[in-house]
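Reviewing the structure listed below.
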Amino acid sequence: MIRYALHCSKSHGFDSWFQSADAYEALRKTGHVACPVCGDTTIEKTLMAPTVRPARNAGDGPKKPSLSEPQTEIEAALAELRRQVEANSEYVGLNFAAEARRMHDGDIDQRAIYGEAKADDARALIEDGVPVAPLPFMPPRKAN
Numbered sequence: 638m639i640r641y642a643l644h645c646s647k648s649h650g651f652d653s654w655f656q657s658a659d660a661y662e663a664l665r666k667t668g669h670v671a672c673p674v675c676g677d678t679t680i681e682k683t684l685m686a687p688t689v690r691p692a693r694n695a696g697d698g699p700k701k702p703s704l705s706e707p708q709t710e711i712e713a714a715l716a717e718l719r720r721q722v723e724a725n726s727e728y729v730g731l732n733f734a735a736e737a738r739r740m741h742d743g744d745i746d747q748r749a750i751y752g753e754a755k756a757d758d759a760r761a762l763i764e765d766g767v768p769v770a771p772l773p774f775m776p777p778r779k780a781n
């Protein structure tokens, strides 16, 4: 296993583990490495300090932060927004554009939904007056 310090094209930094350098390159080239903050798949490696073992008598050193907990106010706000969206709406996945259009046209009952849409489909929904908005987090199927 190898750990890389990475950043997306929007300068969000994060670390991730990979089976090997080749595995990282293969995943990156196919768009399977995404920024956990914005979902961007344009990812590059950044400089990273090597891991050095401390001396035996060095003590425990600084406490490492929990990676499962938000580290900043923005991360906490995004996590809360995600919890609210997931608790109060239905995930329709890749069927989002079709479901939103059917609701707008009155073919099915209105309900709160969220999901994924291609850029062209989202643009067409907006042009047709369907009320949609992008969410600032990755969809469940792409999140770890």
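Heads up: the sequence shown begins at 638 in our numbering, then just goes up one per residue. Positions of the beta carbon are idealized from the N, C-alpha and C atoms, including for glycine.
- A check of alpha carbon separations from Gly752 across Ala735, Asp744, Arg693, Ile763 identifies Ala735 as the nearest.
- Looking from the CA of Arg719, the closest CA among Leu772, Leu762, Asp652 belongs to Leu772.
- When secondary structure is reduced to three states using DSSP, Phe733 falls in the helix class.
- Here the region 643-650 lies against the region 666-686, with 3 or more beta-carbon pairs under 8 angstroms apart.
- Membership of Glu681 in the beta strand (DSSP E) is indicated by the continuous run 680-682.
- Contact check for Gly668 against Thr683 fails: the beta carbons are separated by 8 angstroms or more.
- Within the same chain, Ile639, Tyr661 come within 6 angstroms of Phe655 by CB-CB distance, once the 5 residues on both sides are set aside.
- One Cα belongs to Arg738, the other to Val729, and the distance between them is close to 13 angstroms.
- Along the length of the region 644-672, whole alpha helix (DSSP H) runs at least 4 residues long occupy 658-666, reported in chain order.
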